[in-house]
Amino acid sequence: METKNVMIVGVGGQGSLLASKLLGVLLTDEGYDVKVSEVHGMSQRGGSVVTYVRFGEKVNSPVISEGEADFIVSFEKLEAARYVSCLKKGGKIVVNIQQIDPMPVITGAAEYPENVLEELKSKGVFIDETDALSLAEQAGSAKAVNIVLMGRLAKYFDLDKEKWLSAIEKTVKPQFIEINKKAFELGFSS
Amino acid sequence: MKKLMLGNEAIARGLYEAGVKLVSSYPGTPSTEITEFAAKYDEIYCEWAPNEKVATETAFGASLRGARSACAMKHVGLNVAADPLFTLSYTGVTGGMVIFVADDPAMHSSQNEQDSRHYAIAAKVPMLEPSDSAEAKAFVKEAFELSEKFDTPVLFRMCTRIAHSQSIVELGERKEIELPAYEKNPQKYIMAPANAVKRHPFVEERTKKLAEFAETSPLNRVEKGTDNKIGIICAGTCYQYVKEVFGDSVCVLKLGIVNPLPEKLIKDFAAGVEKLYVIEELDGVIETFVKNIGVDCVGKEMFSPLGEYDQTTIRKAFGLELPESVKLDAPVPVRPPVMCAGCPHRGMFYVLAKNKITVLGDIGCYTLGSAAPLFALDSTLCMGASVSGLHGFNKVGGAESENKTVCVIGDSTFMHSGMTGLVNIAYNASNSTVIILDNSITGMTGHQQNPTTGYNIKNEPATAVNIEEFVHSVGIKRVRVVDPYDLKQCEEAVKEELAVNEPSVIISRRPCMLLKYVKPKPALKVNGEKCVGCKMCMKLGCPAISVKDKKAVIDATQCVGCAVCTQLCAKGAIEV
Chain A
1 METKNVMIVG VGGQGSLLAS KLLGVLLTDE GYDVKVSEVH GMSQRGGSVV
51 TYVRFGEKVN SPVISEGEAD FIVSFEKLEA ARYVSCLKKG GKIVVNIQQI
101 DPMPVITGAA EYPENVLEEL KSKGVFIDET DALSLAEQAG SAKAVNIVLM
151 GRLAKYFDLD KEKWLSAIEK TVKPQFIEIN KKAFELGFSS
Chain B
191 MKKLMLGNEA IARGLYEAGV KLVSSYPGTP STEITEFAAK YDEIYCEWAP
241 NEKVATETAF GASLRGARSA CAMKHVGLNV AADPLFTLSY TGVTGGMVIF
291 VADDPAMHSS QNEQDSRHYA IAAKVPMLEP SDSAEAKAFV KEAFELSEKF
341 DTPVLFRMCT RIAHSQSIVE LGERKEIELP AYEKNPQKYI MAPANAVKRH
391 PFVEERTKKL AEFAETSPLN RVEKGTDNKI GIICAGTCYQ YVKEVFGDSV
441 CVLKLGIVNP LPEKLIKDFA AGVEKLYVIE ELDGVIETFV KNIGVDCVGK
491 EMFSPLGEYD QTTIRKAFGL ELPESVKLDA PVPVRPPVMC AGCPHRGMFY
541 VLAKNKITVL GDIGCYTLGS AAPLFALDST LCMGASVSGL HGFNKVGGAE
591 SENKTVCVIG DSTFMHSGMT GLVNIAYNAS NSTVIILDNS ITGMTGHQQN
641 PTTGYNIKNE PATAVNIEEF VHSVGIKRVR VVDPYDLKQC EEAVKEELAV
691 NEPSVIISRR PCMLLKYVKP KPALKVNGEK CVGCKMCMKL GCPAISVKDK
741 KAVIDATQCV GCAVCTQLCA KGAIEV
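Below is the structure:
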């Protein structure tokens with residue numbers, strides 16, 4: 001099987017590391033060779049963050065570059081646009097429609113591009129929009145945005161839902177399992 | 191058992207399995223998790239040391255006593271630990287000793303892009319470099335074997351992409367090693383000239399033996415391609431990019447030992463291919479060696495010494511077809527990292543910026559105070575340089591600079607190497623004002639305890655350095671503590687301490703609001719009827735505040751109720 005590439009992008013502090021951990025556990029359990037590449041440190045302070053998840057028979061590079069991503073899961077609209085050049089032709093973007101203004105926008109040095117998702121669609125990009133923040137709040141915690149989006153991504157994966165739920169049990173702290181399972185279900189069925 | 195592990199976690203596992211007894215480190219991205227994961231094994235004594243020099247010397251002591259020991263640091267940390275490293279090369283070891291050093295190409299979280307392989311060459315010690323987590327674990331064991339067999343400390347190079355990538359690791363068992371009886375060996379360990387002069391020839395001889403070892407060691411391997419048109423020498427993460435692009439079609443010399451390099455192996459490999467390339471991030475270290483032994487190769491004329499590579503870098507360099515990709519018409523606004531909402535550094539930075547104070551900065555989260563809209567910093571060099579730099583700045587600037595210049599340094603950085611600079615201020619009497627931004631944690635690297643916090647690496651209670659008493663004890667009389675959430679208090683302190691004619695220290699103290707024990711207050715709200723859209727609150731650069739339709743808006747998901755903004759609002763429009 002050809003190596004599959006999933007990018008998880010967002011704003012530092014949104015919980016992308018947990019999402020990549022979940023994917024890592026799930027795909028390793030499925031018997032794939034897996035590589036997950038993260039960036040820690042300075043960029044976690046509200047900066048743009050990207051995590052790469054690659055799986056297949058044998059994975060070499062830990063990173064995903066131009067035109068290679070089968071999926072981009074974006075925790076924020078602008079970040080989907082930032083990394084779109086990494087998307088493979090025919091790849092899919094799963095995006096949380098939340099808008100988080102970066103500091104240059106807050107200070108007025110730059111403008112948040114209006115209709116950023118429309119522009120992507122006009123370029124022929126497949127966009128699956130979801131209000132992950134509302135669904136996460138509905139599940140019981142605004143912090144569960146990451147798992148809502150994993151639920152959304154799961155729709156495009158040929159894997160039983162039960163396997164995802166079992167990976168959630170292995171990944172999150174016991175006291176948060178129920179909230180996260182609910183968040184996953186909401187993302188999956190919305 | 192197989193497990194998906196971060197490169198740094200795999201190293202910690204390797205330390206465990208290799209029977210290591212002590213790990214002493216100072217946190218630094220991308221090396222920090224090595225020690226954090228090692229601390230989860232009760233069999234290994236782990237600690238955060240005040241700095242990398244102390245950590246390396248602590249590991250030396252453990253080796254001298256006969257135990258396998260290690261320390262971990264980021265690339266610039268090795269600059270701090272360079273002093274013990276160069277003479278450790280002479281003494282060699284008793285128990286195996288490995289120094290992990292993590293380079294940060296592309297400077298994800300660093301102030302420079304130095305290539306630590308130069309240290310291995312300069313200190314004449316072997317250096318290993320793995321290319322995934324499984325190798326990271328396996329190489330740790332090899333490194334200790336090498337260390338003991340050749341009587342040398344071993345440098346172990348990581349880079350961000352190996353340290354912070356997870357891949358699959360097969361777990362093994364720990365091999366416990368009994369501590370031998372201590373034997374005094376002054377000729378080996380007292381590096382006074384008479385002994386050192388005898389150890390230097392040993393070092394030169396050892397390098398020759400290590401080079402011979404590298405010729406046949408399985409850590410270096412040749413992978414035959416489907417033809418011999420292209421041969422590529424590479425190591426570490428570059429090996430993965432090469433395999434990604436070329437698969438098994440080209441010949442590859444994959445180096446696991448990056449110092450010393452195997453002359454004969456390289457010559458034989460070069461002889462078997464039509465064209466030889468060296469692909470290495472940062473400096474052309476391997477390339478220089480290859481050219482020096484008279485072998486023709488292509489290296490930095492095709493690949494940049496700047497930043498990280500990936501598979502696209504290699505495809506472009508070789509003129510290969512690139513996958514189709516979508517390009518946007520307009521650039522996307524950048525999203526730089528920022529100080530968090532409720533960050534205790536923000537209030538003090540606002541006061542410094544408002545009063546147009548010149549600020550020598552240091553290494554930590556507070557480097558972010560340099561960004562818009564605060565623009566609060568004038569310099570950031572290296573750990574501790576703010577304090578010593580301020581002293582020099584004021585010595586030549588005189589009263590004019592003394593009255594409007596301060597330095598800012600965090601609690602952990604102050605312990606690391608700000609203390610000695612403060613002693614210099616006291617001893618050599620400069621009229622300097624030092625601000626210690628005490629947020630009770632090592633912040634940027636992800637919350638590690640330090641000697642001021644009262645807890646050790648396992649979060650057990652520990653002796654805490656009392657910063658006020660320390661400052662008094664070096665001979666500085668004026669020390670005051672302020673709450674950075676109180677702008678008036680901060681401004682008074684800064685103005686008064688700059689005005690006095692003696693050295694002074696202001697401790698700006700409030701714990702990092704990301705700490706678990708710090709409970710956020712309810713988010714504040716803007717009363718739209720009172721807000722006149724003056725944007726005073728925007729001067730704080732708080733990510734929770736923005737302006738929509740000419741009124742300030744507070745993002746309830748980010749605001750932690752620090753209320754610093756309420757102190758700027760003349761209309762009292764920001765409410766609980």
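The listed protein sequences correspond, in order, to chains A and B.
Per our numbering, the first sequence runs over residues 1 to 190.
Per our numbering, the second sequence runs over residues 191 to 766.
In this text, a Cβ means the ideal position worked out from N, Cα and C, and glycines have one as well.
Buried versus exposed, by CB contacts within 10 Å (16 or more), residue i
i: residue 691 of chain B; result: exposed
i: residue 380 of chain B; result: exposed
i: residue 233 of chain A; result: No statement about residue 233 of chain A is possible, as the shown extent of chain A runs from 1 to 190 and does not include it.
i: residue 273 of chain B; result: exposed
i: residue 390 of chain B; result: exposed
i: residue 356 of chain B; result: buried
i: residue 497 of chain B; result: exposed
i: residue 541 of chain B; result: buried
i: residue 196 of chain A; result: What is shown of chain A runs 1 to 190, which leaves residue 196 of chain A out entirely.
i: residue 589 of chain B; result: exposed
i: residue 310 of chain B; result: buried
i: residue 38 of chain A; result: buried
i: residue 565 of chain B; result: exposed
Chain-ordered chain B contacts of residue i [CB-CB under 7 Å]
i: residue 24 of chain A; result: 194 and 356
i: residue 65 of chain A; result: 500, 501 and 502
i: residue 101 of chain A; result: 736
i: residue 179 of chain A; result: Going along chain B, no residue has its Cβ under 7 Å from residue 179 of chain A, so there is no contact; the nearest lies around 16 Å.
i: residue 123 of chain A; result: 516
i: residue 8 of chain A; result: Residues of chain B passing the Cβ test: none, with the nearest at roughly 13 Å.
Supposed contact pair residue j and residue i - C-beta distance, whole angstroms, cut 8 Å
i: residue 477 of chain B; j: residue 471 of chain B; result: That belief does not hold up - the Cβ atoms of residue 477 of chain B and residue 471 of chain B are roughly 12 Å apart, past 8 Å.
i: residue 460 of chain B; j: residue 485 of chain B; result: 5 Å
i: residue 95 of chain A; j: residue 129 of chain A; result: 6 Å
i: residue 76 of chain A; j: residue 116 of chain A; result: Residue 76 of chain A to residue 116 of chain A, Cβ: 10 Å. No contact.
i: residue 241 of chain B; j: residue 266 of chain B; result: Rounded, the Cβ-Cβ distance is 11 Å, inconsistent with contact.
Where residue i meets chain B, residues with beta-carbon distance less than 9 Å
i: residue 68 of chain A; result: 501, 502, 513 and 515
i: residue 87 of chain A; result: 515 and 516
i: residue 131 of chain A; result: Ordered by position in chain B, no residue passes the 9 Å Cβ test against residue 131 of chain A, which lies about 14 Å from the chain.
i: residue 38 of chain A; result: 196, 354, 355 and 356
Contact check, residue i vs residue j, beta carbons under 9 Å
i: residue 291 of chain B; j: residue 262 of chain B; result: yes
i: residue 508 of chain B; j: residue 442 of chain B; result: no
i: residue 186 of chain A; j: residue 151 of chain A; result: yes
i: residue 330 of chain B; j: residue 288 of chain B; result: yes
i: residue 179 of chain B; j: residue 597 of chain B; result: Absent from the model: residue 179 of chain B. The displayed extent of chain B is 191 to 766, so no value can be given.
i: residue 532 of chain B; j: residue 752 of chain B; result: yes
i: residue 464 of chain B; j: residue 426 of chain B; result: no
i: residue 583 of chain B; j: residue 595 of chain B; result: yes
i: residue 718 of chain B; j: residue 760 of chain B; result: no
i: residue 98 of chain A; j: residue 131 of chain A; result: yes
i: residue 525 of chain B; j: residue 102 of chain A; result: yes
i: residue 348 of chain B; j: residue 313 of chain B; result: no
i: residue 60 of chain A; j: residue 433 of chain B; result: yes
i: residue 730 of chain B; j: residue 749 of chain B; result: no
i: residue 86 of chain A; j: residue 515 of chain B; result: yes
i: residue 447 of chain B; j: residue 482 of chain B; result: no
i: residue 34 of chain A; j: residue 55 of chain A; result: yes
i: residue 567 of chain B; j: residue 620 of chain B; result: no
i: residue 367 of chain B; j: residue 505 of chain B; result: no
i: residue 735 of chain B; j: residue 746 of chain B; result: no
Where residue i meets chain A, residues with beta-carbon distance less than 8 Å
i: residue 740 of chain B; result: In chain order: nothing, as chain A lies at least about 12 Å away.
Beta-carbon neighbours of residue i, restricted to chain B and to distances below 8 Å
i: residue 183 of chain A; result: Those do not exist, as residue 183 of chain A stays about 16 Å from chain B at its closest Cβ, beyond 8 Å.
i: residue 140 of chain A; result: Here the premise fails: no neighbours, minimum Cβ distance about 15 Å.
Neighbouring residues, chain A, relative to residue i (Cβ below 9 Å)
i: residue 606 of chain B; result: Within 9 Å Cβ-Cβ: nothing; residue 606 of chain B doesn't reach chain A, min ~17 Å.
Residues that residue i contacts on chain A, provided the C-beta gap is smaller than 7 Å
i: residue 366 of chain B; result: Simply none; closest approach about 29 Å.
- Message: Please give me, in chain order, every unbroken run of the alpha helix (DSSP H) with length at least 4 that falls completely inside the segment 569–632 of chain B.
- Response: 575–592 and 609–617
- Message: Please give the ranges of any alpha helix (DSSP H) in the segment 479–525 of chain B, keeping only runs that are unbroken, at least 4 residues long and fully inside the region.
- Response: 501–507
- Quick one: complete alpha helix (DSSP H) runs, 4+ long, within the segment 91–161 of chain A? 103–106, 116–122, 132–139 and 145–154
- Item | Uninterrupted beta strand (DSSP E) stretches inside the segment 398–440 of chain B (no shorter than 3 residues) | 411–413 and 420–425
- Query: Which residue spans inside the segment 330–394 of chain B form an unbroken beta strand (DSSP E) run of at least 3?
  - Reply: 344–349 and 355–360
- Which ranges would you report for the beta strand (DSSP E) in the segment 234–265 of chain B if only whole runs of at least 3 residues count? 235–238 and 259–264
- Task: Identify every run of the beta strand (DSSP E) within the segment 691–742 of chain B, keeping only runs that are complete inside it and at least 3 residues long; order them along the chain.
- Result: 694–699 and 735–738
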